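J.: From first to last, the protein sequence lines stand for chains P and V. Residues 0 to 285 in numbering that gives the first Met the number 0 are what the first sequence lists, from first letter to last. Residues 0 to 285 in numbering that gives the first Met the number 0 are what the second sequence lists, from first letter to last. Cβ atoms here follow ideal geometry from the backbone N, Cα and C, with glycine treated the same way. Remember, predicted model here, so these are calculated numbers, not experimental data. Supplied in structure tokens, the structure appears directly below.
There are 2 protein chains.
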Amino acid sequence: MDLWFSEKHTPNVKFSIRVDRQLYSGQSDFQRIDVFESPEFGRILVLDGYLMLTEKDEFIYHEMIVHTPLAVHPHVKNVLVIGAGDGGAVRELTRYPEIGRIDLAEIDGQVIEVCKKFLPQTSCKMDDPRVHIYVEDGLKFVRRHADEYDLIIVDSTDPFGPGEGLFTKEFYGNCYKALKEDGIMVNQHESPFYEQDALAMQRAHKRIIESFPFSRIYQAHIPTYPSGHWLFGFSTKKYHPLKDLDEARWNARGLKCRYYTTTLHRGAFYLPAYVEEMLEDVEEKR
Amino acid sequence: MDLWFSEKHTPNVKFSIRVDRQLYSGQSDFQRIDVFESPEFGRILVLDGYLMLTEKDEFIYHEMIVHTPLAVHPHVKNVLVIGAGDGGAVRELTRYPEIGRIDLAEIDGQVIEVCKKFLPQTSCKMDDPRVHIYVEDGLKFVRRHADEYDLIIVDSTDPFGPGEGLFTKEFYGNCYKALKEDGIMVNQHESPFYEQDALAMQRAHKRIIESFPFSRIYQAHIPTYPSGHWLFGFSTKKYHPLKDLDEARWNARGLKCRYYTTTLHRGAFYLPAYVEEMLEDVEEKR
Numbered sequence: 000m001d002l003w004f005s006e007k008h009t010p011n012v013k014f015s016i017r018v019d020r021q022l023y024s025g026q027s028d029f030q031r032i033d034v035f036e037s038p039e040f041g042r043i044l045v046l047d048g049y050l051m052l053t054e055k056d057e058f059i060y061h062e063m064i065v066h067t068p069l070a071v072h073p074h075v076k077n078v079l080v081i082g083a084g085d086g087g088a089v090r091e092l093t094r095y096p097e098i099g100r101i102d103l104a105e106i107d108g109q110v111i112e113v114c115k116k117f118l119p120q121t122s123c124k125m126d127d128p129r130v131h132i133y134v135e136d137g138l139k140f141v142r143r144h145a146d147e148y149d150l151i152i153v154d155s156t157d158p159f160g161p162g163e164g165l166f167t168k169e170f171y172g173n174c175y176k177a178l179k180e181d182g183i184m185v186n187q188h189e190s191p192f193y194e195q196d197a198l199a200m201q202r203a204h205k206r207i208i209e210s211f212p213f214s215r216i217y218q219a220h221i222p223t224y225p226s227g228h229w230l231f232g233f234s235t236k237k238y239h240p241l242k243d244l245d246e247a248r249w250n251a252r253g254l255k256c257r258y259y260t261t262t263l264h265r266g267a268f269y270l271p272a273y274v275e276e277m278l279e280d281v282e283e284k285r
Numbered sequence: 000m001d002l003w004f005s006e007k008h009t010p011n012v013k014f015s016i017r018v019d020r021q022l023y024s025g026q027s028d029f030q031r032i033d034v035f036e037s038p039e040f041g042r043i044l045v046l047d048g049y050l051m052l053t054e055k056d057e058f059i060y061h062e063m064i065v066h067t068p069l070a071v072h073p074h075v076k077n078v079l080v081i082g083a084g085d086g087g088a089v090r091e092l093t094r095y096p097e098i099g100r101i102d103l104a105e106i107d108g109q110v111i112e113v114c115k116k117f118l119p120q121t122s123c124k125m126d127d128p129r130v131h132i133y134v135e136d137g138l139k140f141v142r143r144h145a146d147e148y149d150l151i152i153v154d155s156t157d158p159f160g161p162g163e164g165l166f167t168k169e170f171y172g173n174c175y176k177a178l179k180e181d182g183i184m185v186n187q188h189e190s191p192f193y194e195q196d197a198l199a200m201q202r203a204h205k206r207i208i209e210s211f212p213f214s215r216i217y218q219a220h221i222p223t224y225p226s227g228h229w230l231f232g233f234s235t236k237k238y239h240p241l242k243d244l245d246e247a248r249w250n251a252r253g254l255k256c257r258y259y260t261t262t263l264h265r266g267a268f269y270l271p272a273y274v275e276e277m278l279e280d281v282e283e284k285r
């Protein structure tokens, strides 16, 4: 069988994964959902034709979006996760016993159900008693909350389709209000390399710094995302992602990771010159 | 015109680039050489079907393989570059006025000629009077030299075909001898992500640490190489890649780079946990 899933990273660049078979294909109220089994990457989740995660490299994304803020903020108890119906961020969060509540706002309940059935590697902790699932638009959910969360993780899809509202000034402003006075927001921040991704990255940064007094970008190597060079935003009211990193405290937890280390944490914030320039371009226009 | 160049990163993963036209195709004594014009990446060089460089992202590879050792070693005068017929490493080296001699040993003279004609962006400094080109096997060239170079840059192709000899214990041992007592060798070190690349990376590390007392790996985001997560080796007799990094001295040069910065330099050595483990596996068996 010669069956390939392809994603166009730009109109002129294509990334293709050989698949054994399609495990699921369905249309929810919001998007088309597909799950494939592949020899190289294990199971892969595809939304509207865009690859969301693979079992082989999802650990990189989920470790980096969760452990980076948790190694900085000294007492995270209440967490809001927006998007992330696959459960990967929740799985990493449940490794922290001091986290008492994880609210998950995912617009598409069908994604949650499909992942529970076909992607147990990521969805394995969705039944943890601390997890409260709200099947609703994260944009609307966050409006109703104020001064409540220590950490908000915005695990959105790309800035078009159902995830579009999660890249707006209104949304980031509401996240700011929903955070406590020392809260942190971390968000998936697109990629700097291909032109359209870089423009989306700059737009997101512009809108975030309109709401947050301090925001820094960090990076990871995610082989199945366009260009493999992926960014996250780290926006805070109080803590600095490097000056307030407490390596000894985090390492004393004994959490075993495959990508994240507190040393790598520092390096993740040391960006290439051209990425720094893109961010400065935005900041100078503030 | 719907014309695509594809490279299989593994038998199950394919990366494809739309091309406008083929500018050159020829067979040298060693390999097939192709140059394409592409809308996303500009001109691209392909050897035996493997993508070697694109005009859009070659700056990342060439800046990282040259400026990283130059920001550590305080007085580089004589440099040997092995491979690198495209001229990209030479271009970056010629930006340092204190470098008096750049010997280039490239096995395939036809690669040099083709790049001079079709890739002026990288080959633009091959006529610098400090550059001495030796069209011969780097493995043989380095055998004849002892205690001569401050820096050796091994800009090899992959560890099969004409580049195979540049991944052997004998070769690394001869590089050690060809270096002065405070010399540095930097080499392209494959990728940690896909299994076969990771095995090649571990083999290279094993052979290098049989010759060099100290060797560390550093990384960069290179979107057009398999997985986008690429490694370099930094092997020394004396200098430490971080403790001997002199940021003030390098920044005083005023060299403008698009990827490399002395801050990024540090982060490039902060590797993901799984890569550290792969290297430790090799080091424990020493």
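Of all the options Thr261/P, Arg206/P, Tyr217/P, His264/P, which has the alpha carbon lying nearest to the alpha carbon of Arg285/P?
T.: Ranking the options by Cα distance to Arg285/P, first place goes to Arg206/P.
J.: Roughly how far, in whole angstroms, is the beta-carbon of Met125/V from the beta-carbon of Gly86/V, given that I think they are within contact range, below 8 Å?
T.: So it is a contact: roughly 5 Å between Cβ atoms.
J.: Just tell me which of Ile106/V, Met200/V, Val78/V has its CA closest to the CA of Leu230/V.
T.: It is Met200/V whose Cα lies nearest to the Cα of Leu230/V.
J.: Can you tell which of Asp157/V, Tyr49/V, Ile101/V, Arg252/V has its C-alpha closest to the C-alpha of Leu198/V?
T.: Cα-wise, what sits closest to Leu198/V is Asp157/V.
J.: Thinking C-alpha only, which one of His239/V, Thr262/V, Ser226/V is nearest Glu6/V?
T.: It is Ser226/V whose Cα lies nearest to the Cα of Glu6/V.
J.: Do Lys237/V and the ligand ADP come close, with the Cβ less than 7 Å from some heavy atom?
T.: The ligand content of the structure shown is nil, which means the ligand ADP is not present either.
J.: Can you look up Tyr269/V in the DSSP assignment and give me helix, strand or coil?
T.: Note: Tyr269/V maps to coil in three-state DSSP.
J.: Out of Glu276/V, Ile32/V, Pro38/V, point me to the one whose CA is closest to Ser15/V's CA.
T.: That would be Pro38/V, whose Cα lies nearest to the Cα of Ser15/V.
J.: Does the beta carbon of Tyr259/P sit closer than 8 Å to a beta carbon anywhere in chain V?
T.: Answer yes: the Cβ-Cβ gap between Tyr259/P and chain V drops below 8 Å somewhere.
J.: So, at 8 Å on beta carbons, what are the nonlocal neighbours of Phe166/P in its own chain, with the 5 sequence-adjacent residues on each side left out?
T.: Result list for Phe166/P: Ser155, Pro158, Ala199, Arg202, Ala203, Arg206, in chain order.
J.: Determine, using beta-carbon pairs with one atom in the stretch 72 to 79 of chain P and one in the stretch 47 to 64 of chain P, whether at least three such pairs fall under 8 Å.
T.: Counting Cβ pairs under 8 Å, fewer than three are found: no touch.
J.: With a threshold of 16 other CB atoms inside 10 Å of the CB of Gly253/P, please say whether the residue is buried or exposed.
T.: With fewer than 16 Cβ atoms within 10 Å of its Cβ, Gly253/P is classed as exposed.
J.: Which residues in chain V sit within 7 Å of Tyr49/P, going by Cβ to Cβ distance?
T.: Neighbours of Tyr49/P on chain V: none; closest Cβ ~17 Å, over 7 Å.
J.: Comparing the C-beta of Leu44/V with each C-beta of chain P, is any distance below 8 Å?
T.: No, because no Cβ of chain P sits closer than 8 Å to the Cβ of Leu44/V.
J.: Is there at least one Cβ from chain P nearer than 8 Å to Glu163/V's Cβ?
T.: Chain P contact via Cβ: absent.
J.: Taking a Cβ distance cut-off of 9 Å, strictly less, list which residues of the stretch 137 to 160 of chain P are near chain V, in chain order.
T.: From the stretch 137 to 160 of chain P, no residue has a Cβ closer than 9 Å to chain V.
J.: Looking at Ser210/P and Lys168/P, is the spacing between their C-beta atoms short of 8 Å?
T.: For Lys168/P and Ser210/P, yes; Cβs fall inside 8 Å.
J.: According to a CB-to-CB cut-off of less than 9 Å, which residues of the stretch 248 to 272 of chain V neighbour chain P?
T.: Those would be Lys255, Cys256, Arg257, Tyr258, Tyr259, Thr260, Thr262, Leu263, His264, Arg265, Gly266, Ala267, Phe268, Tyr269, Leu270, Pro271, Ala272, in chain order.
J.: When you compare only the Cα positions, how much space is there between Ser190/V and Leu263/P?
T.: When rounded, the distance between both Cα atoms is 17 Å.
J.: Output, in sequence order along the chain, the residues in the stretch 5 to 31 of chain P whose CB is closer than 7 Å to any CB in chain V.
T.: Of all residues in the stretch 5 to 31 of chain P, Thr9, Asn11, Val12, Lys13, Phe14, Ser15, Ile16, Arg17 have a Cβ within less than 7 Å of some Cβ in chain V.
J.: So, does the CB of Ser214/P fall closer than 8 Å to a CB anywhere in chain V?
T.: Not an interface residue.
J.: When the cut-off is 8 Å and only beta carbons count, does Ser234/P lie next to chain V?
T.: Not closer than 8 Å to any Cβ of chain V, the Cβ of Ser234/P fails to qualify, so no.
J.: In the DSSP output, which residue or residues are listed as bridge partners for Gly25/V?
T.: Beta-bridge pairing links Gly25/V to Ile32/V.
J.: Classify Gly232/V: buried if its beta carbon has 16 or more other beta carbons within 10 angstroms, exposed otherwise.
T.: The residue in question, Gly232/V, is buried, as its Cβ has 16 or more Cβ neighbours within 10 Å.
J.: Out of curiosity, what's the CA-to-CA distance linking His289/V and Ile152/V?
T.: There is simply no residue 289/V to check, as chain V begins at 0 and stops at 285 in what is shown.
J.: Do Val45/P and Asp33/P have their beta-carbon atoms positioned less than 8 Å apart in this structure?
T.: Yes, they are a contact pair.
J.: For Gly227/P, which residues in chain V fall below 7 Å Cβ to Cβ?
T.: By Cβ distance, chain V contributes His220, Pro222, Ser226, Gly227, His228.
J.: With a threshold of 8 Å between beta-carbons, can Glu279/V be considered close to chain P, or not?
T.: Chain P contact via Cβ: absent.
J.: Can you give, in chain order, each stretch of the alpha helix (DSSP H) that sits fully within the stretch 97 to 165 of chain P and has at least 4 residues?
T.: The stretch 97 to 165 of chain P contains these whole alpha helix (DSSP H) runs: 108 to 117, 119 to 122, 137 to 142.
J.: With a threshold of 8 Å between beta-carbons, can Phe117/V be considered close to chain P, or not?
T.: No, Phe117/V lies away from the interface with chain P (no Cβ there is under 8 Å from its Cβ).
J.: Give me the Cα-Cα distance between Arg129/P and Arg100/P, rounded to the nearest whole angstrom.
T.: One C-alpha to the other measures close to 5 Å.
J.: At the level of alpha carbons, what is the spacing between Leu92/P and Thr260/P?
T.: So the two alpha carbons sit approximately 16 Å from each other.
J.: Can you find a CB in chain V that lies within less than 8 Å of the CB of Glu54/P?
T.: Glu54/P does not count as touching chain V.
J.: By the criterion of Cβ-Cβ separation under 8 Å, what are the contact partners of Ser37/V in chain P?
T.: Asn11, listed in chain order.
J.: Would Pro119/V be called buried (16 or more neighbouring beta carbons within 10 Å of its own) or exposed?
T.: The residue in question, Pro119/V, is exposed, as its Cβ has fewer than 16 Cβ neighbours within 10 Å.
J.: Please list, in chain order, the chain V residues whose beta carbon lies closer than 7 Å to that of Phe192/P.
T.: Correct list: Pro222.
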